[in-house]
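Heads up: the sequence lines are chains A and B, in that order.
Take the first sequence: its letter number 203 is residue 203 in the numbering used here, and every next letter is one higher.
Whatever position you read off the second sequence (first residue = 1), add 1000 for the numbering used here.
The structure appears below as structure tokens.
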Amino acid sequence: MTRYIVSRLISMIPTLVGVTVVIFLFLRLIPGDPAVAMLGEHAGQENVERIREQLGLNRPQFLDREALEQGDVKGFFDSQYLRYLGRLFRGDLGASIHRRIPIAETLKERFPATAELALVSILIGVMVGVTAGIVSAARRNSVLDASSMIGSLMGVSIPIYWLGLMEMMVFAVALDWLPIGGRLDHDIELEVVTNFYLIDSIVTGNGPALANTLQHLALPAVALATHPMSIIARMTRSSMLDVLSADYIRTAHSKGLREGVVLFRHALKNAFLPVITIIGLQTGTLLAGAILTETIFAWPGIGKWVYDAILGRDYPIVQGGTLLIALIFVIVNLLVDVSYAFIDPRIHYD
Amino acid sequence: MIFAAIEKVAVEDADGVLHIGRQALRDALYDTNMEGITGNINCNDTGDCADPLIRVTQIQDGVYVPVWPEAGEMGPAEAAPPPAAGGTFIFGRGGDSVQLDPAIVTDGESFRVTGQCLEPLYQYEPSSATPIPALATECTANEDGTEWTCSLREGVKFHDGTDFNADAVIFNFERWRFTDNPYHFESQVFEYYEYMWAGFDDASVITNVEKIDDYTVKFVMSAPVAPFLANLAMDMFAISSPAAFEQYGEDYGLPAAGCVGTGPFKFVEWVEGDHITVEANDDYWGGRPTIDEIVWRVIPDDSARYLALKAGDIHALEQATIEDIQAADADPELYVLARPALNTGYLAFNYAIEEMRDINFRKAVAHAINRNGLQENFFGAYGEVATNFLPPLMLGHNDAIEDWTYDTDLAKQYLADAGFPDGISEVTLAQDIVDAEGNVVYTTGEKIPLRLYYLPITRFYFPSPKEVAEGMAADLAKAGINVALELAGDWSTYLGLRRTGQLAGLYQLGWGGDNGDPDNFHAFFWGFGGGDRVGDDPSAWVKTPDQREGFYANQEVATLCYEGQINPDRAERELIYQQIEQLLHDDVARIWLVHNNTPLLFSNKVSGYVPQPVGADYYEFTVLEQ
């Protein structure tokens, strides 16, 4: 197992380098220029050229053939991409073109915001989705099954934008129970340790901050959870139904085992592999930032940040952000693969 | 009350000129103690003047007789005390600030904050674009406008406790101007200094800022700059504390450092993507603001921002959908204030297209579009149809211009005169158009569909660009001008195509003024470019077609733009810009559509907010009912 994990970790390096090439190339294939985006309606020929030079955007993208022809080997490698890669290997993600703030610094603040929301959402999604899936499968064709499947169909069909606004209208405007947007009220003091506000408020023993963080999390987390919750519920149900019709389940029943034991010890464990895969994929997707949810709920995460950077052609942010997202997916996939071995003893990696 | 206060403080000099000290007038108003209809009027330390107990009194035979409450009866006004001062004013906005060093940013969301924290030497009069003194008490020019001497306000301190004086002014101007200044960091782009003052180092039109004494500076110019005071009042030229640069270096303006100036509010914190907080400056030279704090909250979604206002999470917002503005108008808990328009949305022609070089074609387009209809349907009560490029509140706006009428038959007639009696849907390139890399994108003689490019995003001068374009296309079709609507990519792409003249057809765009001066509108579009200014004799300069402006060139207009730039006489400048407007109108250079007053939505708990057509809004007069 250890050898497998190490080999997977090593294989991540070329994958991630490949990601940097693809992102770098695609970003520059999109029409538009960071200098023009920065200057807006004021963009004139001379100032655009000056800013491009200042930002190093007038260097060749991959390799400088002209420099090589002139015998300048160092100049040959002095390209935008290799400068970026060089900095990357030194652990430097660069700085935002527009704001000049180091990417790593912003990621330290924004990624925990996204991760906190994503993890709470996936937790809600798994708890509700798996429960609904099991109940539906165990009570197939019952009213409970029908209502949970209709609910899950609605969950995947309702646009998150609409759902978010409805939540706000009901719980914030009409009932005045919960706040609209943000992670914490501006007048709540919280000593930031990890930038995960739930953890920080617990670690520092700050009850009001914990309560306020939970209030702020409630609406976006529920909105964000609906989609994965529905998918997980449907996947759990169909996987459970497959397993429940297997011979060994009939055998278990005929041995006189209780329903709960049959369902959870025998059926769920075997039905859980595809569900785990889905949970992994959904976790990766949510950790990559949910642009719509972050926009509606004014959640200062990485989704909206990277999206705005694409519109503003802020190359370093897009490159840094997408690299992080790729890393998340690679790690989540590895964790899912490793978890198979723990759930199903038939799977070995050695 | 105001007259009584003026009477108290005004001083008449030997020439009969009446001098009224601003602070003295303010102090006298605060000292008010007079008998009014509602009772004895006093002013509290936040400037609220009223009798603390409202009464209704009737004058009978020249004597005030109490009507309500009657003797011994307690009225509701007595039971409910007047609104307390202070509180945290929360303003919802669509995006975060880029940076809080105003010299290196160009976005309104940054200036929204820096405008409270920092002050320039001049500022704009509330609700107007007229420059008035701020950190300078007065600036006067020499006869030919090449030297400006500014007296600085004494006794003012930066938020870090250091003194504001001539050295601080010189420090800031030298930092902006000299590329080798240790605080003119290589990674920073001082876009507006270069743009407003003609360049850096030796190219700068400000050739020296001399210290006359601790509170007097002299700006020496290489040429007269008529909009000097308007430029000086821009948010980008607000004065930061030199000590703050020594402390923070390149990080000045970033979230950890914020901004350090002399303004009515002091920077407190910036949680990126979430909020920025500033607090009242107790020692502000103009008097402490009424509110204790301002929090600008980022809520990117327009609908969510409106719901936050409805829920009471925020007190005010900018940028709302037309539906939400209408709802706010009808909501007794909310009200709408309009920011006076200093912008113009327009439809441009690309003069690289043969047909668009024909004035008959341009007139056909002008008469075919029902601009009143577009304004009513897509801009609502806050838009006004534009007859000039300059909005009505600006110097040089020409009221005498006779607007293009909406007349489909006349449009058809002009189209026939242009050689298209049966309508037009295809046009011909009259010259090559090349992209930024020099590749030919369109070749001379090439036939292309007649396109109308619409903005890919909402701008303050175009709230619904696609819908407006559809309305235009329908109007144009009635006159036989058949346009294909074109979405040319996102905003950055659109601007890039505009810059290289690749928006080959009719295209939407607009402009928002930077300093309220007509030079800032006209010279950018039609003035002589850097390449046109060959030699020292301006009369020999030749205006060449500018690809960024759809290859438009008008020698007469360019010459007038130059004259407007150097003429210090306000009345003469007004005539110059009115003449420019007339020439552009006669040439149908572009079709001005709408000036859009920007609506801001407020909770009824807020009063006293002053939206500015140019420069930062005034928050220091805002009162928040607790």
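Beta carbons: idealized from backbone N, C-alpha and C, even for Gly.
Keep in mind the model is a prediction, meaning the values are calculated, not measured.
For G86 (chain A), the closest Cβ of chain B is not nearer than 8 Å. Two segments are said to touch when three or more pairs of C-beta atoms, one from each, lie closer than 8 Å; by this definition the segment 1452-1462 of chain B does not touch the segment 1423-1438 of chain B. In this structure, the straight-line span from the alpha carbon of A118 (chain A) to that of F62 (chain A) is close to 36 Å.
Looking at the DSSP output, S201 (chain A) shares a beta bridge with no other residue. Around T106 (chain A), the same chain offers S96, W305, I317 as residues with beta carbons nearer than 8 Å, after the five sequence neighbours per side are excluded.
Under DSSP, E1147 (chain B) forms a beta bridge with B:V1220. Close CB contacts of Y1192 (chain B) within its chain, under the 8 Å cut and outside five residues either way in sequence, are with A1103, T1106, M1234, M1236, F1237, D1514 (chain order). By the neighbour-count criterion, in which 16 or more other beta carbons inside 10 Å mark a residue as buried, Q1578 (chain B) falls on the buried side.
Apart from sequence neighbours up to five positions away, the residues of its chain that approach A225 (chain A) with a beta-carbon distance below 7 Å are S121, I124, G125, ordered along the chain. Neighbours of K1543 (chain B) in chain A, taken as residues at a C-beta separation under 9 Å, are lacking, since the least C-beta distance is about 15 Å. Those residues of the segment 1319-1343 of chain B placed with their C-beta closer than 8 Å to a C-beta in chain A do not exist. For the C-beta of W305 (chain A), the chain B residues within less than 7 Å are, from N- to C-terminus, G1273.
Taking 8 Å as the threshold, the shortest C-beta distance from R65 (chain A) to chain B does not fall below it. In this structure, W1541 (chain B) lies near R1533 (chain B), with their beta-carbon atoms less than 8 Å apart. In chain order, D1301, A1304 make up the part of chain B whose C-beta sits under 7 Å from the C-beta of I296 (chain A). A contact between stretches requires three or more CB pairs, one per stretch, nearer than 8 Å, and the segment 258-268 of chain A fails this requirement with the segment 158-178 of chain A. Taking all protein chains in view, the Cβ of P1182 (chain B) is surrounded by fewer than 16 other Cβ atoms within 10 Å, so the residue is classified as exposed.
Within 7 Å of the CB of G1496 (chain B), the CB atoms of chain A belong to P31, G32, D33, V36, in sequence order along the chain.
When the five nearest sequence neighbours on each side are left out, the beta carbons in the same chain lying within less than 6 Å of the beta carbon of M1001 (chain B) are those of T1032, in order along the chain. Annotated as distal: F1389 (chain B) and E1574 (chain B), with beta-carbon spacing of 8 Å or more.
For the segment 154-175 of chain A, the beta-carbon criterion of a distance under 7 Å to any beta-carbon of chain B is satisfied by L165, M168, M169, A172, V173.
Under the 8 Å criterion on CB atoms, V48 (chain A) is classed as interfacial with respect to chain B.
Listed by position along chain A, the residues whose Cβ is nearer than 8 Å to that of Q1188 (chain B) are R100. Cα atoms of L57 (chain A) and Q1565 (chain B): separation of roughly 34 Å, rounded to the nearest angstrom. Only residues of its own chain outside the window of five on either side were considered, and among them L1018, H1019, I1020 have a CB closer than 8 Å to the CB of A1010 (chain B), listed in chain order. Residues of chain B whose Cβ lies closer than 8 Å to the Cβ of T106 (chain A) are, in chain order, E1272. Per the DSSP secondary-structure output, S1603 (chain B) pairs in a beta bridge with B:L1334. Boundaries of the alpha helix (DSSP H) harbouring T131 (chain A): 103-138, taken from the DSSP string. Looking from the CA of N1360 (chain B), the closest CA among B:Q1413, B:L1342, B:Y1122, B:E1125 belongs to B:Q1413. Buried is the label assigned to K1266 (chain B), since at least 16 other Cβ atoms lie within 10 Å of its Cβ.
Contact annotation: in the segment 1090-1112 of chain B, residues whose CB is within less than 7 Å of a CB in chain A are V1098, Q1099, T1106. Flagged as an interface residue toward chain A: E1191 (chain B), by a C-beta distance shorter than 8 Å. Per the coordinates, the alpha-carbon of E1384 (chain B) lies some 21 Å from the alpha-carbon of V1610 (chain B).
With respect to the 8 Å criterion, A1316 (chain B) and F1111 (chain B) are not classified as neighbours on the basis of their beta carbons. Taking the beta carbon of T1622 (chain B) as reference, no residue of chain A falls within 9 Å; the closest one sits roughly 17 Å away.
Close partners of G1016 (chain B) in chain A (Cβ separation under 8 Å) are lacking, with about 47 Å as the shortest Cβ gap.
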